[in-house]
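Chemist: Take this structure first; my questions come after.
Residue numbers (our numbering), protein chains in the order written: chain G, 1 to 385; chain U, 1001 to 1385.
Structure representation (structure tokens):
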């Protein structure tokens, strides 16, 4: 069936809408990605979202109204992606909408209980598209004692699990994160942890030393040499070789960390610094594999996604550190773009709920059980009996 | 099947939970009310709700957390009503939860769009009771252009519609409201409007002149005489005989109105005043029927609900004004308590959604279409295929 997955991230650049065609569910899922768009937010909506995110500027009337406004925009995003794909909206079967997170409280704090809050009214989406909507995927995982995140491991499981190959799914966004998918894995065999920095340090060095936002294709890093002292300085950060489960945020490897590093190694050439921090990202990933994954799990392939998968120098470094027995490939090479990954994930999670299947991964979220995610909103005039 | 209906009103006295047994749906619905409780709010929750209701004191973190806390309390209410009825919760089939309204914006205002906002997380209710939940009934009606209220007319339709009798459902709460159900009515034949004051004036006169909250059973009003001048003074209020559709709020017949009335008629005895304002309530109801309903619709019965149905003097006055050809009966006499009315209504609306039936009444809410109300949340581990 045809499903649109909708995602609106914390970057507030707009609504990601992926139109997919899916057959079956669970491990039998057969997925074809038909179209993907990012539908931008009008400026006034962006500013209302920003106002809603903060305790100081949010209020009940604003949130009440914005929930309905966003529902309308999500519906527009669905219509737009169908139009671009020349799919008459009457042929669309289902919408999976993550919504816009305006608050996420993973742990209790003072008198606040663990909870999460996504908006973009499903009734409005269902009404304006005349299509069934599944939304609010994170709440049931939290009701079951989980942190409501991450939810992508299940879709990684159904897309990448193999009976013949052990696989690692390495995402390289700001932070690096790996999901382990042993050969013939069941859901309970999966684990996931943050390997350390992804593009954060590379990008910050680009900004500080070159006045650019990132090292496109890894071209600059290709020109320099790795400095052993700087590399071991970086690798000695206590996070890198600490044992999983572990997760890191932007605070450990942010701007402050880079400013301090540049001060300590200011005699090196700019290119050598960039080459070395690129190698640090590669080495922090691979040494985590060698220490914590390879001793217990046979791995045949590493599949790399996220912005870092476009940095060829970084990929070559990872491949050379791993040796030739393990193949490094990108999501893009498998036909799955990194951009559309999350929107596609929510189309697939909607498909699972539609089929009555649980789709959180308790080992990833900490939930007590596997549970069916999301609320179902019928199209306004469906008659099901 | 067994259904619990949950309602938490603006009075904040707690969660109303009604356990009902229902067979079939729509006009074939067969309803038995098994148990009803009001499960009180802890003081801290009541104060968090009050904080959430106002633009000045609400914020996103508070609402995010309170949504989950209320979900847990609603689940506790479900368990409690099942326990009181000796129904093992495993035998419960469905929960219909209205939730706690924290904001309702029926019309656009500045940059706020028409919208409504109920909390009490359905995923938490479904998880903690292991039962399917249908919630958020008002949003789809608003998506279809309605005001999201009132939603009770549909359940009045399925409970009281008759092939052989024309009926009026008169609710006497603070305000009086009538729903017209012609003999053999279809949904589009229904209308509803506010007749004028219900108990508001009677209760305020009790407070001002007798220092009591209400005239229990109508005992005091039974002792006095109707004063013709005061009665015509009251009946001359422009709202009373204005043509429907019309609706009134607490502001027209509130404390100020009563203070002015008492000043103008201070020579009358306390009992005569109370008897006369009781007659005013009766006469405002009956004259609206005689002017706006009886000329076009044959009516056989008036069914009275709300607190006013316990005021025997008021009921006798209504009966005597109507004459003997129209029978006045109370909801209670038909086996439906006024207290449980709304909780039962949301059990029945859940039943309709479960069966894929639309259940708003466009003539009552202003929606462009009849639509299926609510979101469905599966119990966490159901397998439906």
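Where a beta carbon is used, it is the ideal one built from N, C-alpha and C, also for glycine.
Return the first residue and the last residue of the beta strand (DSSP E) that residue 1035 of chain U is part of.
Modeler: Position 35 of the second chain, counting from 1, holds the residue named residue 1035 of chain U. Note, residue 1035 of chain U: beta strand (DSSP E), 1030-1039.
Chemist: Should residue 82 of chain G be flagged as near chain C, meaning a C-beta pair shorter than 8 Å?
Modeler: The chain inventory of the structure shown lacks chain C, comprising the protein chains G and U.
Chemist: With a CB to CB cut of under 8 Å and the five nearest residues on each side skipped, what residues in its chain are close to residue 254 of chain G?
Modeler: Residue 254 of chain G sits at position 254 when you count from the first residue of the first chain. For residue 254 of chain G, where only same-chain residues beyond five positions count, the Cβ hits under 8 Å are 200 and 204.
Chemist: Using only the alpha-carbon positions, how far apart do residue 1383 of chain U and residue 374 of chain G sit?
Modeler: As a first step, residue 1383 of chain U is located in the second chain; it is residue number 383 there, counting from the start. As a first step, residue 374 of chain G is located in the first chain; it is residue number 374 there, counting from the start. In this prediction, residue 1383 of chain U scores a pLDDT of 43, lower than 50, which makes its location untrustworthy; the coordinate-derived value is nonetheless stated afterwards. Approximately 14 Å between the Cα atoms of the pair.
Chemist: Just to confirm before moving on: does the CB-CB distance between residue 1020 of chain U and residue 1347 of chain U stay below 8 Å?
Modeler: Within the second chain, numbered from 1, the residue matching residue 1020 of chain U stands at position 20. Within the second chain, numbered from 1, the residue matching residue 1347 of chain U stands at position 347. Contact: yes.
Chemist: Kindly list the residues whose CB is nearer than 6 Å to the CB of residue 366 of chain G, restricted to its own chain and excluding five residues on each side of it in sequence; keep chain order.
Modeler: Within the first chain, numbered from 1, the residue matching residue 366 of chain G stands at position 366. So the list reads 146 and 147, once near-sequence residues are dropped.
Chemist: If you measure from the beta carbon of residue 1371 of chain U to each beta carbon in chain G, is any gap under 8 Å?
Modeler: For the purposes of this step, residue 1371 of chain U is taken as the residue at position 371 of the second chain. So yes, residue 1371 of chain U belongs to the interface.
Chemist: Considering only C-alpha positions, which residue in the set G:4, G:361, G:189 and G:169 is nearest to residue 309 of chain G?
Modeler: Indexing the first chain from 1 puts residue 309 of chain G at position 309. The option with the nearest alpha carbon to residue 309 of chain G is G:169.
Chemist: Closest by CA to residue 163 of chain G, which one among G:336, G:213, G:27 and G:332?
Modeler: Against the first chain, residue 163 of chain G aligns to sequence position 163. Nearest option by C-alpha distance: G:27.
Chemist: For residue 1131 of chain U, count the other beta carbons within 10 Å of its own beta carbon; 16 or more makes it buried, fewer makes it exposed. Which is it?
Modeler: Residue numbering aside, residue 1131 of chain U sits at position 131 when the second chain is read from its first letter. Burial call: buried.
Chemist: In chain order, what residues of the same chain lie with their CB nearer than 6 Å to the CB of residue 36 of chain G, ignoring the 5 residues before and after it?
Modeler: Within the first chain, residue 36 of chain G is the residue found at index 36, counting from 1. For residue 36 of chain G, where only same-chain residues beyond five positions count, the Cβ hits under 6 Å are 18 and 340.
Chemist: Going by DSSP, what residue range makes up the alpha helix (DSSP H) through residue 1197 of chain U?
Modeler: For the purposes of this step, residue 1197 of chain U is taken as the residue at position 197 of the second chain. Taken as a continuous stretch (DSSP letters only), residue 1197 of chain U belongs to no alpha helix (DSSP H), being part of the beta strand (DSSP E) at 1191-1197.
Chemist: Just list the residues that DSSP pairs residue 1301 of chain U with in beta bridges.
Modeler: Taking the second chain and counting its residues from 1, the one referred to as residue 1301 of chain U is at position 301. Looking at the DSSP assignment, residue 1301 of chain U forms a beta bridge with U:1167 and U:1327.
Chemist: Under three-state DSSP, which class holds residue 1101 of chain U?
Modeler: Position 101 of the second chain, counting from 1, holds the residue named residue 1101 of chain U. Three-state result, residue 1101 of chain U: strand.
Chemist: Go ahead and label residue 110 of chain G buried or exposed: buried means 16 or more other beta carbons lie within 10 angstroms of its beta carbon, across all protein chains shown.
Modeler: Residue 110 of chain G sits at position 110 when you count from the first residue of the first chain. It counts as exposed.
Chemist: Buried or exposed: where does residue 305 of chain G fall if 16 or more other Cβ atoms within 10 Å of its Cβ makes it buried?
Modeler: Numbered from its first residue, the first chain carries residue 305 of chain G at position 305. Result: buried.
Chemist: Starting from the C-beta of residue 1357 of chain U, find all residues in its chain whose C-beta is less than 8 Å away, skip the five residues before and the five after it, and write them out in chain order.
Modeler: For the purposes of this step, residue 1357 of chain U is taken as residue 357 along the second chain, with counting starting at 1. Around residue 1357 of chain U: 1025, 1026 and 1372.
Chemist: For residue 1018 of chain U, list the residues DSSP reports as bridge partners.
Modeler: One-based indexing of the second chain puts residue 1018 of chain U at position 18. U:1005 and U:1036, per the DSSP bridge assignment.
Chemist: Please classify residue 1212 of chain U: is it buried, with 16 or more other beta-carbons within 10 angstroms of its beta-carbon, or exposed?
Modeler: Sequence index remark: in the second chain, residue 1212 of chain U carries index 212 (1-based). Answer is exposed; the Cβ neighbour count stays below 16.
Chemist: Identify the contact partners of residue 127 of chain G in chain U, using a Cβ-Cβ distance below 8 Å as the criterion.
Modeler: The residue given as residue 127 of chain G occupies position 127 in the first chain. Those within 8 Å of residue 127 of chain G in chain U are 1140, 1143, 1144 and 1371.
Chemist: With three or more C-beta pairs closer than 8 Å as the rule, is the segment 85-99 of chain G touching the segment 115-131 of chain G?
Modeler: The segment 115-131 of chain G is in contact with the segment 85-99 of chain G.
Chemist: Which residues does DSSP list as the beta-bridge partners of residue 1112 of chain U?
Modeler: Sequence index remark: in the second chain, residue 1112 of chain U carries index 112 (1-based). Bridge partners of residue 1112 of chain U: U:1109.
Chemist: Short of 7 Å in beta carbon distance, which residues of its chain neighbour residue 1228 of chain U, apart from the five on each side in sequence? Order them along the chain.
Modeler: In the second chain, counting from the first residue as 1, residue 1228 of chain U sits at position 228. No residues qualify anywhere along the chain.
Chemist: Using 10 angstroms around the beta-carbon of residue 1236 of chain U, count the other beta-carbons present and answer buried if the total reaches 16, otherwise exposed.
Modeler: Residue mapping note: residue 1236 of chain U aligns to position 236 of the second chain, counting from 1. Burial call: exposed.
Chemist: For a contact defined as C-beta to C-beta under 8 Å, what are the partners of residue 1358 of chain U on chain G?
Modeler: Taking the first residue of the second chain as position 1, residue 1358 of chain U is located at position 358. Under the 8 Å cutoff, chain G gives 380 and 381.
Chemist: Specify the secondary structure class of residue 147 of chain G as computed by DSSP and reduced to three states.
Modeler: Position 147 of the first chain holds residue 147 of chain G. Residue 147 of chain G falls in the coil class under three-state DSSP.
Chemist: Hey, is residue 1105 of chain U's beta-carbon within less than 8 Å of any beta-carbon in chain G?
Modeler: As a position in the second chain, residue 1105 of chain U is number 105, starting the count at 1. At least one chain G Cβ lies under 8 Å of residue 1105 of chain U.
Chemist: Kindly indicate which residue of G:244, G:54 and G:4 has the alpha-carbon position closest to the one of residue 386 of chain G.
Modeler: No answer is possible for residue 386 of chain G: it lies beyond the span of chain G, which begins at 1 and ends at 385.
Chemist: Residues of chain U with CB under 7 Å from residue 4 of chain G, in chain order?
Modeler: Residue 4 of chain G sits at position 4 when you count from the first residue of the first chain. Result: empty, since nearest Cβ-Cβ is about 18 Å, beyond 7 Å.
Chemist: Do the segment 215-227 of chain G and the segment 267-278 of chain G touch if we need at least three Cβ pairs shorter than 8 Å?
Modeler: Touching, yes.
Chemist: For residue 132 of chain G, list the residues DSSP reports as bridge partners.
Modeler: Position 132 of the first chain, counted from the start, is the residue given in the question as residue 132 of chain G. Residue 132 of chain G pairs with G:94.
Chemist: Please go through the same chain and pick out, in chain order, the residues whose beta-carbon is closer than 7 Å to the beta-carbon of residue 1061 of chain U, but skip the five residues on each side of it.
Modeler: Numbered from its first residue, the second chain carries residue 1061 of chain U at position 61. Nothing meets the Cβ criterion.
Chemist: Between which two residues does the beta strand (DSSP E) containing residue 1177 of chain U stretch?
Modeler: Start at 1 with the first residue of the second chain, and residue 1177 of chain U comes out as number 177. It spans 1175-1181 - the beta strand (DSSP E) in which residue 1177 of chain U sits, taken as one unbroken run.
Chemist: So is residue 1260 of chain U buried or exposed if we call it buried at 16+ other beta carbons inside 10 Å?
Modeler: Locating residue 1260 of chain U in the second chain gives position 260, counting from the first residue. It counts as exposed.
Chemist: Could you tell me the distance, in whole angstroms, from the CA atom of residue 1385 of chain U to the CA atom of residue 93 of chain G?
Modeler: Locating residue 1385 of chain U in the second chain gives position 385, where the first residue counts as 1. Locating residue 93 of chain G in the first chain gives position 93, where the first residue counts as 1. Low confidence applies here, because residue 1385 of chain U scores a pLDDT of 33, under 50, leaving its location unreliable; read the following figure in that light. Whole-angstrom Cα-Cα distance: 18 Å.
Chemist: Who are the neighbours of residue 1122 of chain U on chain G, taking C-beta pairs under 7 Å?
Modeler: In the second chain, counting from the first residue as 1, residue 1122 of chain U sits at position 122. Within chain G, the residues near residue 1122 of chain U are 375.
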